[in-house]
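Structure first, commentary second.
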Amino acid sequence: MGASKAQQRATNKYISKAYDRINLTVPKGEKETIQAHAEAHSESVNGFINRAISETMERDKGAPGAAGEAGKPDKR
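Residue numbers (the UniProt record's numbering): 1 to 76.
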């Protein structure tokens with residue numbers, strides 16, 4: 001049996017307070033590729049995307065154009 005409507009509202013309220021949302025658009029067919037990759041690594045699509053972002057940001061620290069580098073805008 002699923003969660004009650006009250007439980008769903010409570011969960012949604014918590015999520016809206018604790019998390020930000022980003023709408024990601026990918027080319028047709030890429031969604032399935034991303035899902036397969038995430039599944040192959042035993043993680044959710046959301047978990048995979050968050051890990052990819054975190055690892056890329058960590059790797060990019062100190063690189064030219066990295067956020068926080070004064071006077072040099074990111075060229076993306």
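Heads up, the beta-carbon is just placed ideally off N, CA and C, and yes, glycines get one too.
Problem set entry | Rounded C-alpha distance that separates G62 from S4 | 48 Å
Exercise. Just the Cα atoms here: how many angstroms apart are V45 and G65?
Worked result: V45 and G65: Cα-Cα distance of roughly 28 Å.
Exercise. Does the beta-carbon distance from A36 to F48 come in below 8 Å?
Worked result: no
For this session: Return the CA-CA distance between S54 and D60, expressed in angstroms with no decimal places.
Result: 10 Å
Problem set entry | Y19 in three-state terms, based on DSSP | coil
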